[in-house]
Amino acid sequence: MAEGVAPSEFPPPVDSVEEFVKRELDPEEERIDVGVVIVGGGPAGLACANRLLQLLADEPELMERLGEVPVAVIEKGKACGAHNLSGAMMRPSGLKELFPDKEPSEWPTYGTVAKDTVYWMLSPSRAIPLKPTPPPFRNHGNYMVSVAELSRWLATQAEEAGAYILTETSAQQLLVEDGVVRGVRSGDKGRGKDGEELGNFEPGSDVTAKATVLAEGTWGHLTGAAIKEFALAEDREPQVWALGVKEVWEVARPLDRVIHTLGWPLRYGAKWHEFGGSWIYPMGENRVSLGFVAGLDYTDATFSVHDVLQEFKTSKLVRAILDGGKRVSWGAKAIPEGGYWAMPKPSAPGMVICGDSAGMVNVPILKGIHYAIHAGIYAAETIFEQLKGGGTDFSAYDKRVEDSVIGQELYRSRNMKQPFGRGFFVGGAIANAMEISGGRFPGGRWPNHRDSESPMTIGDRRKSYPKPDGKYTFDKLSSVYVSGNATRDDAPNHIRVRREVPREIAETWVWMCPAGVYEIPEEASENGMVDVIVNYTNCVQCGAITAKGGRLTPPEGGDGPLYTIT
Amino acid sequence: MADVLTYVLHYEGELNKNSLGAVSEGAARAKEIGGECHALVLGGDDLTDELCQSVGAYGATKVFRARGSEGLAQPVVDAMAKVIGEHGHGYALFGGGLLGFEIGAGLAARMRAGVTMEVINVRAEDGKLVAERPILQDSKISVSRYQGDLGIIIGRINAFEARTVDGGSAEVVDVEVDYSAWSDQAKMVQRGEQRGADVDIEGADILVAGGRGLGKPEGFELAEALASAFGGNAAVAATRAVVDAGWYPYAAQIGQTGKTVSPKLYLAAGISGAIQHKVGMQSSENIVAINKDANAPIFEFSDLGIVGDLNKILPKLTEAIKAKKGG
Amino acid sequence: MKICVLVKEVPDAAVEKRIDPSTGRLDRSGEKNLNPYDTHAIEAAMQIREGGAAEVEEIVAVTMGPESAVRALHKAVSLGADRSMHLTDEALAGSDVAATGYALAKALEKESPDLVLLGQQSDDGECYTIGAVVADHLKMPSLTQVIKMDVQNGGLRCERQAEYGYDTVEVSLPAVISVGDAINEPRYPSLKAIMGARKKPLETVSAGDVGIEASQVGEEGSRVKCGDFHDPEAKPPGQIIEDEDTDETVQKIVAWLEERKLI
Chain C
1 MAEGVAPSEF PPPVDSVEEF VKRELDPEEE RIDVGVVIVG GGPAGLACAN
51 RLLQLLADEP ELMERLGEVP VAVIEKGKAC GAHNLSGAMM RPSGLKELFP
101 DKEPSEWPTY GTVAKDTVYW MLSPSRAIPL KPTPPPFRNH GNYMVSVAEL
151 SRWLATQAEE AGAYILTETS AQQLLVEDGV VRGVRSGDKG RGKDGEELGN
201 FEPGSDVTAK ATVLAEGTWG HLTGAAIKEF ALAEDREPQV WALGVKEVWE
251 VARPLDRVIH TLGWPLRYGA KWHEFGGSWI YPMGENRVSL GFVAGLDYTD
301 ATFSVHDVLQ EFKTSKLVRA ILDGGKRVSW GAKAIPEGGY WAMPKPSAPG
351 MVICGDSAGM VNVPILKGIH YAIHAGIYAA ETIFEQLKGG GTDFSAYDKR
401 VEDSVIGQEL YRSRNMKQPF GRGFFVGGAI ANAMEISGGR FPGGRWPNHR
451 DSESPMTIGD RRKSYPKPDG KYTFDKLSSV YVSGNATRDD APNHIRVRRE
501 VPREIAETWV WMCPAGVYEI PEEASENGMV DVIVNYTNCV QCGAITAKGG
551 RLTPPEGGDG PLYTIT
Chain X
1001 MADVLTYVLH YEGELNKNSL GAVSEGAARA KEIGGECHAL VLGGDDLTDE
1051 LCQSVGAYGA TKVFRARGSE GLAQPVVDAM AKVIGEHGHG YALFGGGLLG
1101 FEIGAGLAAR MRAGVTMEVI NVRAEDGKLV AERPILQDSK ISVSRYQGDL
1151 GIIIGRINAF EARTVDGGSA EVVDVEVDYS AWSDQAKMVQ RGEQRGADVD
1201 IEGADILVAG GRGLGKPEGF ELAEALASAF GGNAAVAATR AVVDAGWYPY
1251 AAQIGQTGKT VSPKLYLAAG ISGAIQHKVG MQSSENIVAI NKDANAPIFE
1301 FSDLGIVGDL NKILPKLTEA IKAKKGG
Chain G
2001 MKICVLVKEV PDAAVEKRID PSTGRLDRSG EKNLNPYDTH AIEAAMQIRE
2051 GGAAEVEEIV AVTMGPESAV RALHKAVSLG ADRSMHLTDE ALAGSDVAAT
2101 GYALAKALEK ESPDLVLLGQ QSDDGECYTI GAVVADHLKM PSLTQVIKMD
2151 VQNGGLRCER QAEYGYDTVE VSLPAVISVG DAINEPRYPS LKAIMGARKK
2201 PLETVSAGDV GIEASQVGEE GSRVKCGDFH DPEAKPPGQI IEDEDTDETV
2251 QKIVAWLEER KLI
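Protein chains in written order, with the numbering used here: chain C, 1 to 566; chain X, 1001 to 1327; chain G, 2001 to 2263.
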């Protein structure tokens, strides 16, 4: 019998299809009818909006047909970009395709970086540069960006082109009528702690559209419901995630290269399932973006990516970069790691899925932003073609994605993460072989195991975490503060988890959550069941809980972090 | 020029302590630039010669007395504008409080002068006065320098300490003011109504704040007893965690999503001091913290920290304070 | 009755604000939002309209700011204003409180409102009581910190918490009233209202259009200059007492408090 308890044994009290699919539409006069509704104001959604409006500019008749609001983008954050976080070194192909007439100097980036180094960390004081730089980590020609800044910029372009961007608006339910997606229902505002209607309660609205684009990002709420409703994950591997925790620092000396690290502080043994590494990217002359990413299939309940990042910062390598500097931002976000085999079918009647929501992330090369932009473009083009002809079958999108750089590159690295389930060295060897063989070896399809199925044991990972000093290393609460997190005090709880769980699961959540949402009451027993405290107002909506046994749902529109430079 | 004119609020025969703080500050600063500090009072028969002269104890050499309806700002703007117009004061200085803000802002409009609000420090520089105020959630200080004939300085509440000078008495000068038409269009119907027994958290001089470390809702009884012992203008406050848990009402919540306070004394019992709470009370003049965890962040910014069991300390402290006050 | 509501866009409270290291000045980039205090002012206007004690023909949102301030106006309109006015002009950049109040007053003169409402302060903590500045220029009575407001007898009956308790003041119209956040719970705009906001009339006016004298505004017209941003004096590190003998500890605390005249 396997040691440890898996979170999947204590599934959250939620039925996605039952709760998040609405089948009876409001009467017509109460609905809001738009041409195309896009859920998510990140790179995928905004690329789609921009491309659609470019195409519509030349088709006034279609534009007319789409009504007063041809393109609407629904974004749950306070602004586009408020919930976006990434490293990131972006491939330029996405923006080039979206705005062929703009020069890269017009993009909101920090330019390209000439040098890159991958370090294999043996210990805090020994970092061995891998030479030559392994191909997945080469970033020549890629642009350093803050995906939050990029989203803000894309939003400005989209608004200028005529998009209606509705911020502080969540999409709670998918509208499905006779097997066709007809739009989304926006979230209510003004509910109290127990869900009761407060004095200024404002119900959401049914937003109907001829096409719905789900670009919700890594833990796509409606995407999750859609996948179940339309069986989009049939014959696919389950999605798995990693969690990235990031900081932005003002630094005393400019960093001259892109850095990635493997190894310490992660453990090599197969049973730990600790797969990941760090990035350190220069952000112009004065700042540096750094973060740590680890797969959420780890098995030690006391594993905490936030604390591992703090631990990582104590290394000689990082001190040399950050000493004399000051932390100016922090954030956390999950990353879909399932790769090619875990991508759901990205379309259903009336609907398409773009970007991280559809698992379009290439983990070995750490890229996803340009896929999101490409996907948004293909979605726009498919929808445009269909609507021109009066149709709503967007399944041509599937093939466009498959045949494009998204499908090709993801296929190439399709089995690269899974071998690491065998531990770092075996995994590394296999991954290397895969890269060298251009993806041909080893063939076949390696299965993913759901993160929530990892049996958790309470280990002693926590012993190596540094005690936060508030200047160089930080605790979770002060980090949440810096993310700009703001939530109404009397808002209802948006996190679905089983409240009474074994200690192992409770500890898993406590350590996992970068925002300190979960807490074990002082009086809880060491060995029995625990009544987990959920401080949901700290939540930065990273999505990790969805991977590890719970289910995040969108809180009231406008709540959550306000990322600006992550 | 170098004279300073302050406004002194009064109510039921007593002069407002923030106003007197402004007088003290005005007197000290005026001296540094070769000027004098004057005060203006506005009211009815309750402004006796004696009461007005007593402002001199705080450093004012003249008190301009105008007749009018107390408690409203615009008549005072008229009065101060007249006095400054005739006398040429270079600075108008106000203590913290609602009227100070209203009068100062109105005066800035009337005299086309620069105004700085929430000032915590005034100093002399090259024969002029400059004002300093905190910005960016008290993380930085901004320095204001004035141009033109008049600079208006409005202090943050409790920023200026009232200090008496020996042998101070002021000359009382009555002024006739032609009130503007609009100054008569606001009529005080009732002034200074006390509502309920609760002391206003934001106005309290002493706050005893309780957090999760109190252990249970009944823990607040200890906090209340201590606040009582301090007497007068002391109240009980709470962190968000305990308000969320229902131990204390939301009206008492301090922090990022509650109230921001700056009392003379903030005594935090069982509060860890996370930044979400800190930003609501960090500008308190004196911070005392009691917590059993020596590593609690609050000890990094408290003026006096006691690592110990609040259940033992609070009751004894309450007794000791009662003894000091009663005995 | 015509009500004008003065609104302002401010940097979002949640964003950590800083001094831009390259310019030494306040970094004003980043997310901006409608000043939360102003939402109470708009709500107050709506409640007067819906309350029935007075017939409100128009609620006009007015703002002074750069191009981006239009978003604050859209938000105000989605909350119920009928139309808006955007006063924008390069000559106004750098205006201090007095200059801003003067400029807004000139814009309001054009509208001739019966009531001007605004939020008590701006969320960035820069400006308090600009209503008093505006009122003086408009020659109207003004009150700030108003937490209750009723229309009666062609005027207003207001309550506010002042230094000594609650004051009740009657004010005749036209008047300028700054409301505190305790006055009401602002409504959330419906999606329909948000989307319809763009279609409501928005008038853009320049300083010249409303008769603003350039010498009274902008950097030139501001009589106070702020700068020299520096860190506050570091507080000396506090004292720590480990409680062993509670009686002794308490004595020390009392002595410490006495030293500072706190008891």
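In this text, a Cβ means the ideal position worked out from N, Cα and C, and glycines have one as well.
Residues of chain C with CB under 9 angstroms from T1164 (chain X), in chain order? What you label residue 1164 (chain X) is simply residue 164 of the second sequence in a count that begins at 1. The premise fails here: T1164 (chain X) is roughly 42 angstroms from chain C at the closest Cβ pair, so nothing lies under 9 angstroms.
Where I2194 (chain G) meets chain C, residues with beta-carbon distance less than 7 angstroms: One-based indexing of the third sequence puts residue 2194 (chain G) at position 194. Under the 7 angstroms cutoff, chain C gives L166.
Inspect the beta-carbon positions of N1018 (chain X) and N1158 (chain X) and report whether they are closer than 8 angstroms. Against the second sequence, residue 1018 (chain X) aligns to sequence position 18. Against the second sequence, residue 1158 (chain X) aligns to sequence position 158. In this structure, N1018 (chain X) lies near N1158 (chain X), with their beta-carbon atoms less than 8 angstroms apart.
Range of the contiguous beta strand (DSSP E) that encloses V36 (chain C): Here the question's residue 36 (chain C) lines up with position 36 in the first sequence. In the DSSP assignment, V36 (chain C) falls within the unbroken beta strand (DSSP E) covering 36-39.
Is the distance from the Cβ of L2262 (chain G) to the Cβ of N1286 (chain X) below 8 angstroms? Taking the third sequence and counting its residues from 1, one reaches residue 2262 (chain G) at position 262. Taking the second sequence and counting its residues from 1, one reaches residue 1286 (chain X) at position 286. Contact: yes.
Does DSSP put E1132 (chain X) in a helix, a strand or coil? Within the second sequence, the letter at position 132 stands for residue 1132 (chain X). If DSSP states are grouped into helix, strand and coil, E1132 (chain X) belongs with the strands.
Secondary structure of D1174 (chain X), DSSP reduced to three states: Your numbering for residue 1174 (chain X) matches position 174 in the second sequence. Under the three-state reduction of DSSP output, D1174 (chain X) falls in the strand class.
Within the region 272-315 of chain C, ranges of the alpha helix (DSSP H) (whole runs, at least 4 residues): Whole alpha helix (DSSP H) segments, 4+ residues: 305-313.
Taking the alpha carbon of I377 (chain C) as the reference point, which residue from C:G390, C:V361, C:V401 has its own alpha carbon closest? The residue labelled residue 377 (chain C) in the question sits at position 377 within the first sequence. Here the closest residue by C-alpha is C:V401.
Quick one: grab the DSSP three-state call for Y2188 (chain G). Reading the third sequence from its first residue, position 188 is the one you call residue 2188 (chain G). Coil, per DSSP.
Using the three-state DSSP reduction, which class does F1064 (chain X) fall into: helix, strand or coil? Walking along the second sequence from the start, residue 1064 (chain X) turns up at place 64. Strand.
Per-residue burial, Q1185 (chain X) [other beta carbons within 10 Å of its own, 16 or more giving buried]: The residue you call residue 1185 (chain X) lines up with position 185 of the second sequence. With 16 or more other Cβ atoms within 10 Å, it is buried.
Of the residues that make up the region 1181-1198 of chain X, which ones have a beta carbon closer than 9 angstroms to any beta carbon in chain D? Although the question refers to chain D, the structure presented lacks it and instead comprises the protein chains C, X and G.
Counting only the same chain and skipping the five closest in sequence on each side, list residues whose C-beta sits under 6 angstroms from that of A953 (chain X). As displayed, chain X neither begins before 1001 nor continues past 1327, which places residue 953 (chain X) out of reach and without an answer.
What residue from C:T314, C:A226, C:R267 has the CA that sits closest to T299 (chain C)'s CA? The count along the first sequence starts at 1 and reaches residue 299 (chain C) at position 299. If we check each option's Cα against that of T299 (chain C), C:R267 comes out closest.
Quick one: Cα of T1061 (chain X) to Cα of V1122 (chain X), how far? Position 61 of the second sequence, counting from 1, holds the residue named residue 1061 (chain X). Position 122 of the second sequence, counting from 1, holds the residue named residue 1122 (chain X). Straight-line Cα distance between these residues: approximately 20 angstroms.
If you draw a straight line from the C-alpha of R182 (chain C) to the C-alpha of T208 (chain C), how long is it? Position 182 of the first sequence, counting from 1, holds the residue named residue 182 (chain C). Position 208 of the first sequence, counting from 1, holds the residue named residue 208 (chain C). Approximately 6 angstroms, taken between the alpha carbons.
My output table needs one value for R327 (chain C): the three-state DSSP class, helix, strand or coil. By 1-based counting over the first sequence, the position of residue 327 (chain C) is 327. Residue state for R327 (chain C) is assigned as strand, using DSSP reduced to three classes.
Chain C partners of A1238 (chain X), CB-CB under 9 angstroms? As a first step, residue 1238 (chain X) is located in the second sequence; it is residue number 238 there, counting from the start. Near A1238 (chain X) there are no residues of chain C at all, since even the closest Cβ is about 12 angstroms away, more than 9 angstroms.
Considering only the beta carbon of each residue, do K2008 (chain G) and T2063 (chain G) sit closer than 8 angstroms? On the third sequence, position 8 is the one that residue 2008 (chain G) refers to. On the third sequence, position 63 is the one that residue 2063 (chain G) refers to. Taking 8 angstroms as the Cβ cut-off, K2008 (chain G) and T2063 (chain G) qualify as a contacting pair.
In chain order, what residues of the same chain have a beta carbon less than 7 angstroms from the beta carbon of T508 (chain C), not counting five sequence neighbours either side? Residue numbering aside, residue 508 (chain C) sits at position 508 when the first sequence is read from its first letter. Cβ neighbours of T508 (chain C) beyond the five flanking positions: P7, A301, M456, K548.
Should I2003 (chain G) and L2115 (chain G) be called a contact, given that it needs their Cβ atoms to be closer than 8 angstroms? Stepping through the third sequence from its first residue, residue 2003 (chain G) is reached at position 3. Stepping through the third sequence from its first residue, residue 2115 (chain G) is reached at position 115. The answer is yes: Cβ separation under 8 angstroms.
Using the three-state DSSP reduction, which class does E409 (chain C) fall into: helix, strand or coil? Counted from its first residue, the first sequence places residue 409 (chain C) at position 409. Note: E409 (chain C) maps to helix in three-state DSSP.
Of all Cβ atoms in chain X, is any one closer than 8 angstroms to the Cβ of S464 (chain C)? Sequence index remark: in the first sequence, residue 464 (chain C) carries index 464 (1-based). At a cut-off of 8 angstroms between beta carbons, S464 (chain C) makes no contact with chain X.
Residues of chain C with a CB under 9 angstroms from the CB of T1257 (chain X): which are they? As a first step, residue 1257 (chain X) must be located in the second sequence, where it is residue number 257. Ordered by position in chain C, the residues that pass the 9 angstroms Cβ test against T1257 (chain X) are A486, T487, R488, D489, T537.
Please classify S123 (chain C) as buried or exposed, where buried requires at least 16 neighbouring CB atoms within 10 angstroms. The residue you call residue 123 (chain C) lines up with position 123 of the first sequence. Under this definition S123 (chain C) is an exposed residue.
M1117 (chain X) in three-state terms, based on DSSP: Indexing the second sequence from 1 puts residue 1117 (chain X) at position 117. Residue state for M1117 (chain X) is assigned as strand, using DSSP reduced to three classes.
Looking at H494 (chain C) and A553 (chain C), is the spacing between their C-beta atoms short of 8 angstroms? Here residue 553 (chain C) refers to the residue found at position 553 when the first sequence is read from its first residue. Here residue 494 (chain C) refers to the residue found at position 494 when the first sequence is read from its first residue. One point to set straight first is that residue 553 (chain C) is Thr, not Ala, in the sequence displayed. Yes, the pair counts as a contact, with Cβ atoms nearer than the cut-off.
Taking Cβ positions only, does I1084 (chain X) come closer than 8 angstroms to chain G? Stepping through the second sequence from its first residue, residue 1084 (chain X) is reached at position 84. Output row for I1084 (chain X): interface = no.
Alpha-carbon spacing of R1067 (chain X) relative to V1083 (chain X), whole angstroms: Indexing the second sequence from 1 puts residue 1067 (chain X) at position 67. Indexing the second sequence from 1 puts residue 1083 (chain X) at position 83. Each residue's Cα considered, the two are about 14 angstroms apart.
Go to G2131 (chain G), then tell me how far its alpha helix (DSSP H) extends in each direction, as first and last residue. To locate residue 2131 (chain G), count along the third sequence from 1; it is residue 131. G2131 (chain G) -> alpha helix (DSSP H) spans 2130-2138.
For E216 (chain C), collect the residues of the same chain with a Cβ closer than 7 angstroms to its Cβ; drop the 5 residues on either side in sequence, then sort them by chain order. Position 216 of the first sequence holds residue 216 (chain C). Around E216 (chain C): V39, G40, L222, T223, S357.
So with Cβ pairs under 8 angstroms, would you call D2136 (chain G) a contact of chain C? To locate residue 2136 (chain G), count along the third sequence from 1; it is residue 136. So no, D2136 (chain G) is outside the interface.
Which runs of the alpha helix (DSSP H) spanning at least 4 residues fall entirely within the region 54-134 of chain C, listed in chain order? Secondary structure in the region 54-134 of chain C: the alpha helix (DSSP H) runs of 4 residues or longer, each lying completely within the stretch, are 60-65, 93-98 in chain order.
Could you tell me the distance, in whole angstroms, from the CA atom of G192 (chain C) to the CA atom of N535 (chain C)? In the first sequence, counting from the first residue as 1, residue 192 (chain C) sits at position 192. In the first sequence, counting from the first residue as 1, residue 535 (chain C) sits at position 535. So the two alpha carbons sit approximately 15 angstroms from each other.
Backbone secondary structure at A1094 (chain X) - three-state DSSP: Counting from 1 along the second sequence, the entry for residue 1094 (chain X) is found at position 94. In the sequence under discussion, the amino acid at residue 1094 (chain X) is Phe, which differs from the Ala named in the question. Correct three-state label for F1094 (chain X): strand.
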